[in-house]
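This note's numbering numbers the first residue of the sequence shown as 112 and each following residue consecutively. C-beta: ideal position from N, C-alpha, C; glycine also.
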Amino acid sequence: MLPTTWIALVLGFWSTLYLLDAFLKTKKPWSRNYLSFLEKTGLSVSICQCRWYSNFFNRTFLRVGQWKLNILRLWFTVGVFFGLVAMLMSVAILTLLIVNTFRQQPVEQQVLTPVMPGINLPTSQIWYYLLTLLVCGILHEVGHAIAAVREQVKVNGFGLFLFVLYPGAYVDLSSEHLNAVSPLRQLRIYCAGVWHNFIIVIGAIIMLILLPFILMPFYSTGQAVVITSVLEGSPVSGPRGLAVGEPLTSISGCPVTNQDEWFGCISYSIKERSLGHCMPTGLIHQLNTNPIKTNLTERKNLIDCCNVTSDTHLCFSYNTKSSPNTKFACLPARTTTDRPVCKLQSDCYAPKLELVCAYPLVDNQTKLLRINHGRKPPLLFLGHPLDLHYSGKYLVISNILLFRHSSKYRLSHHLFQGFPFLVIKVKLVVEKYYIPANWYW
C-alpha cells in the first residue's frame, strides 16, 4: 500500500471519528446517553486523539507501593542515580552529534538511530513496534504510579491514549501532594519511569540470549537457516518454490547452518565452476531432446543446444573417451541434477559402465545452484550467485531458530516477532538476505 494511501486512511478515520463524536454530543435525542456513556467508560475523543481514563487500578498501585517500603526506597533511589547518569550521557551524545553535524565529519557508527517506518523499519513490522511502544509506555507510567504511592503522593487515576498512530499511557498524580514532598522524593517519582524502561531493556536482552534455550523443546539451532518471508508471485514461490518455515540446508552440496556458512557458500559458488553430474552416456542419448542443433550464439559464444523457450531443459557439455571433441546435449535440468555430483571426469568412474561428467553450459557469471529446502524437491536456481544475497525482494532468512514443526511456524513467528523491539537501541541479531531467482524448476 502506498504511503499516501496510508495517510489518507488515517486522516479519514480520525476525521470520521471526530465528526461522529461532535454529532452525538450535539444531537439532542442521543447526546445525554452518549455523554453518560463517555463518563462511565472514561473515554474521550479529540482531534486525532482518543483517551481512556480510570481509577480502577488505584488499589493495585496502593498495594504494590506499600509492599516492602525499604526495598522500594532503595530501588527508586538507584533509579535517581541512573536518571542523572543517563541525563549527562544524553547531553554528551547530543552535543557530540551537533558538533559532528557542523563539522560534517563522517561517523563510523551512528549512536542514535531514528526509527522511520518504511525506511529502516519495514512496514510489515510497524504493528509490533507500536505494540512495544504501548507496553513500554504502560510499564513506564506504572513506575511513576508505584513511586508516587511510595512517597505518599496521591494517584488520581491511570489512562491510555492513541494519538494518530502512536499509543501511550499516562498517570494522573496530585499536584498539591507532589509539590509538598522533598526534591529527592520528587526525583524518585520522576526517574521511576525511565528507570523501569532501562530494566525492560536489560530483561529483553537477557530473554533474547536465553530464547534458544527456553524454546529448545520446540526448536533446534545450528542445523539450517529458516525462511521467514516469501513474496507472493515471486520466482521462488509456488508449489516447488520456497515456503515460510522451511529449513534451507545446503546450496549445491555446500552445507548451510548459519549466516557465516551462507556467505561462504555464496562466495564459493562464485569462484568455482558449476558442478557437473555423473550421467551414463546411454541415458544422455535417451534424454537429449535436441542432439543435432549445436549453433554458436554470436553474443556470448556459447553453444545453444536447447530451445530458448524451454523452462525445464538446459544445455550440458561432456566429453567421452571415444571422441576428443566436446559434446552437447539438451537435458532436463532436474533429472540431471539428481545424479551424483562431480568436479572432474575421474569422479564418475564406475566399472562396466560408461559415465561422463555433464556440466551445465552457462557463462562465467551464471551458475546453476541446487538449493535443498525442507522436504520438497530441491530448488534449481539459474543466475548469478550474488543475486541470492543482494538483488532481492523475495524472501528473508535467519539463522536464529529452526522450528521442528513448520506447520506451527507462522503462529510462533508472530508471537516472537515483536519481542526484539523491547530492546531499545540494541541491534537485532537477525540478518536479512533477499533472494531473487532468475529461473527455477
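At least 3 beta-carbon pairs within less than 8 Å: the stretch 156 to 173 vs the stretch 269 to 277:
With the cut-off at 8 Å, the stretch 156 to 173 and the stretch 269 to 277 touch.
Inspect the beta-carbon positions of Val467 and Thr431 and report whether they are closer than 7 Å.
Along the sequence shown, read from residue 1 onward, the residue named residue 467 stands at position 356. Along the sequence shown, read from residue 1 onward, the residue named residue 431 stands at position 320. In contact: Val467 and Thr431 (Cβ atoms closer than 7 Å).
Complete runs of the beta strand (DSSP E) confined to the stretch 279 to 345 [at least 3 residues]
Correct list: 336 to 341.
Tell me Arg481's beta-bridge partners as DSSP assigns them.
As a working note, residue 481 is residue 370 in the sequence shown. Answer is Leu491, bridged to Arg481.
When the Cα of Gln370 is compared with those of Pro391, Val337, Val266, which residue comes out closest?
In the sequence shown, residue 370 corresponds to position 259, counting from 1. Selected option, being the one with the closest Cα: Val337.
Start-to-end residues for the alpha helix (DSSP H) that takes in Ile182
Taking the first residue of the sequence shown as position 1, residue 182 is located at position 71. Element bounds for Ile182: 180 to 214.
DSSP beta-bridge partners for Pro358?
Position 247 of the sequence shown holds residue 358. Val337, per the DSSP bridge assignment.
Count the other CB atoms within 10 Å of the CB of Leu407; is the residue buried (16 or more) or exposed (fewer)?
Indexing the sequence shown from 1 puts residue 407 at position 296. Reliability fails at Leu407, whose pLDDT of 44 lies under 50, so the model's placement of it is uncertain and the value that follows must be treated cautiously. The C-beta of Leu407 has fewer than 16 other C-beta atoms within 10 Å across all chains shown, which makes the residue exposed.
Take Gly304 and list the residues in its own chain whose beta-carbon comes closer than 6 Å to its own, dropping the five residues that flank it on each side.
Mapped onto the sequence shown, residue 304 falls at position 193. The beta carbon of Gly304 lies closer than 6 Å to those of His251, Gly254, His255 in the same chain, with the five residues before and after it left out.
Span of the alpha helix (DSSP H) holding Gln476?
If you number the sequence shown from 1, residue 476 lands on position 365. Neither: Gln476 is in no alpha helix (DSSP H) and is coded neither H nor E.
Whole angstroms is fine: what's the gap from Leu122's alpha carbon to Val156's?
Counting from one through the sequence shown, the residue named residue 122 turns up at place 11. Counting from one through the sequence shown, the residue named residue 156 turns up at place 45. Leu122 and Val156 have their alpha carbons spaced roughly 15 Å apart.
Which of the three DSSP states, helix, strand or coil, is assigned to Val260?
As a working mapping, residue 260 is identified with position 149 in the sequence shown. DSSP, reduced to helix, strand and coil, places Val260 within a helical segment of the structure shown.
When DSSP labels each residue in this structure, what does Lys151 get in the three-state scheme?
Translated into positions along the sequence shown, residue 151 becomes position 40. Looking at Lys151 - three-state DSSP - the assignment turns out to be helix.
C-alpha distance - Asp474 paired with Pro366, whole-angstrom precision
If you number the sequence shown from 1, residue 474 lands on position 363. If you number the sequence shown from 1, residue 366 lands on position 255. Roughly 25 Å separates the two Cα atoms.
For the beta strand (DSSP E) holding Asn267, just list the boundary residues, first then last.
Translated into the one-based positions of the sequence shown, residue 267 becomes position 156. That run of the beta strand (DSSP E) goes 266 to 274.
Thinking C-alpha only, which one of Pro350, Ser380, Glu287, Ser361 is nearest Lys487?
Here residue 487 is taken as the residue at index 376 of the sequence shown, counted from 1. Considering only alpha carbons, the answer is Pro350.
Starting from Arg162, follow the beta strand (DSSP E) in both directions and report where the run begins and ends.
Here residue 162 refers to the residue found at position 51 when the sequence shown is read from its first residue. In this chain, the beta strand (DSSP E) harbouring Arg162 covers 160 to 165.
What separation, rounded to the nearest whole angstrom, lies between the Cα atoms of Pro225 and Asn231?
Working through the sequence shown from its first residue, we reach residue 225 at position 114. Working through the sequence shown from its first residue, we reach residue 231 at position 120. Cα to Cα, Pro225 sits roughly 8 Å from Asn231.
Contact between the stretch 258 to 268 and the stretch 293 to 304 is defined here as three or more beta-carbon pairs at a separation below 8 Å; is this criterion met?
With contact defined as three or more Cβ pairs closer than 8 Å, the stretch 258 to 268 and the stretch 293 to 304 are in contact.
Tell me which same chain residues have a C-beta within less than 7 Å of the C-beta of Val282, skipping the five on either side of it?
As a first step, residue 282 must be located in the sequence shown, where it is residue number 171. Once the five neighbours on either side are set aside, the close Cβ partners of Val282 are Glu252, His255, Ala256, Val266, Phe269.
Less than 7 Å between the beta carbons of Ile395 and Ala440, yes or no?
Position 284 of the sequence shown holds residue 395. Position 329 of the sequence shown holds residue 440. Cβ atoms of Ile395 and Ala440: closer than 7 Å.
By Cβ distance below 6 Å, which residues in the same chain neighbour Leu526 in space, the five residues on each side in sequence not counted?
As a working note, residue 526 is residue 415 in the sequence shown. Unreliable placement is indicated for Leu526, whose pLDDT of 44 sits below 50; the coordinate value is still reported in the next sentence. Cβ contact annotation for Leu526 (same chain, cutoff 6 Å, sequence separation greater than five): none.
How far does the beta strand (DSSP E) with Ser427 in it reach, from first residue to last?
Against the sequence shown, residue 427 aligns to sequence position 316. A quick correction: the sequence has Phe, not Ser, at residue 427. Membership of Phe427 in the beta strand (DSSP E) is indicated by the continuous run 424 to 429.
Do Cys389 and Asn401 have their C-beta atoms within less than 7 Å of each other?
Looking up residue 389 in the sequence shown gives position 278. Looking up residue 401 in the sequence shown gives position 290. In this structure, Cys389 keeps its C-beta atom at 7 Å or more from the C-beta atom of Asn401.
Mark Glu357 as exposed unless 16 or more other C-beta atoms lie within 10 angstroms of its C-beta, in which case mark it buried.
Here the question's residue 357 lines up with position 246 in the sequence shown. Counting Cβ neighbours within 10 Å, Glu357 comes out buried, since at least 16 surround it.
What did DSSP end up calling Ser235 once you bin it into helix, strand or coil?
What you label residue 235 is simply residue 124 of the sequence shown in a count that begins at 1. Of the three classes helix, strand and coil, the one that applies to Ser235 here is helix, per DSSP.
Which residue comes first and which comes last in the beta strand (DSSP E) that contains Ala593?
Here the chain has residues from 112 to 552 only, and residue 593 is not among them.
Are the CB atoms of Ile362 and Leu480 nearer to each other than 7 Å?
Your numbering for residue 362 matches position 251 in the sequence shown. Your numbering for residue 480 matches position 369 in the sequence shown. Taking 7 Å as the Cβ cut-off, Ile362 and Leu480 qualify as a contacting pair.
Looking at the structure shown, is Val347 part of a helix, part of a strand, or coil, going by DSSP?
Within the sequence shown, residue 347 is the residue found at index 236, counting from 1. The answer is coil: DSSP assigns Val347 none of H, G, I, E or B.
7 Å CB neighbourhood of Asn399 in its chain, flanking five on each side removed:
Start at 1 with the first residue of the sequence shown, and residue 399 comes out as number 288. Apart from sequence neighbours up to five positions away, the residues of its chain that approach Asn399 with a beta-carbon distance below 7 Å are Ala440, Cys441, Leu442, ordered along the chain.
Nearest by alpha-carbon distance to Gly393: which of Tyr429, Lys179, Gly494 is it?
Within the sequence shown, the letter at position 282 stands for residue 393. Ranking Tyr429, Lys179, Gly494 by Cα distance to Gly393 puts Tyr429 first.
Reduced DSSP category for Pro140 - H, G, I as helix; E, B as strand; rest coil:
Walking along the sequence shown from the start, residue 140 turns up at place 29. In this structure, Pro140 counts as helix in the three-state DSSP scheme.
Residues that DSSP places opposite Tyr277 in a beta bridge:
Counting from one through the sequence shown, the residue named residue 277 turns up at place 166. According to DSSP, which records beta bridges pairwise, Tyr277 is partnered with Phe274.
With a threshold of 16 other CB atoms inside 10 Å of the CB of Leu490, please say whether the residue is buried or exposed.
If you number the sequence shown from 1, residue 490 lands on position 379. In this structure Leu490 is buried. Its beta-carbon is surrounded by 16 or more other beta-carbon atoms within 10 angstroms.
If contacts are defined as beta-carbon pairs under 8 Å, then Phe193 and Arg299 qualify, I think. What distance do you get, rounded to the angstrom?
Here residue 193 refers to the residue found at position 82 of the sequence shown. Here residue 299 refers to the residue found at position 188 of the sequence shown. About 11 Å; that fails the 8 Å criterion.
List the whole-angstrom C-beta distance separating Leu149 from Trp141, where the pair is believed to meet the contact cut-off of C-beta under 8 Å.
The residue given as residue 149 occupies position 38 in the sequence shown. The residue given as residue 141 occupies position 30 in the sequence shown. Between Leu149 and Trp141, the beta carbon gap of about 12 Å keeps them out of contact (Cβ cut-off 8 Å).
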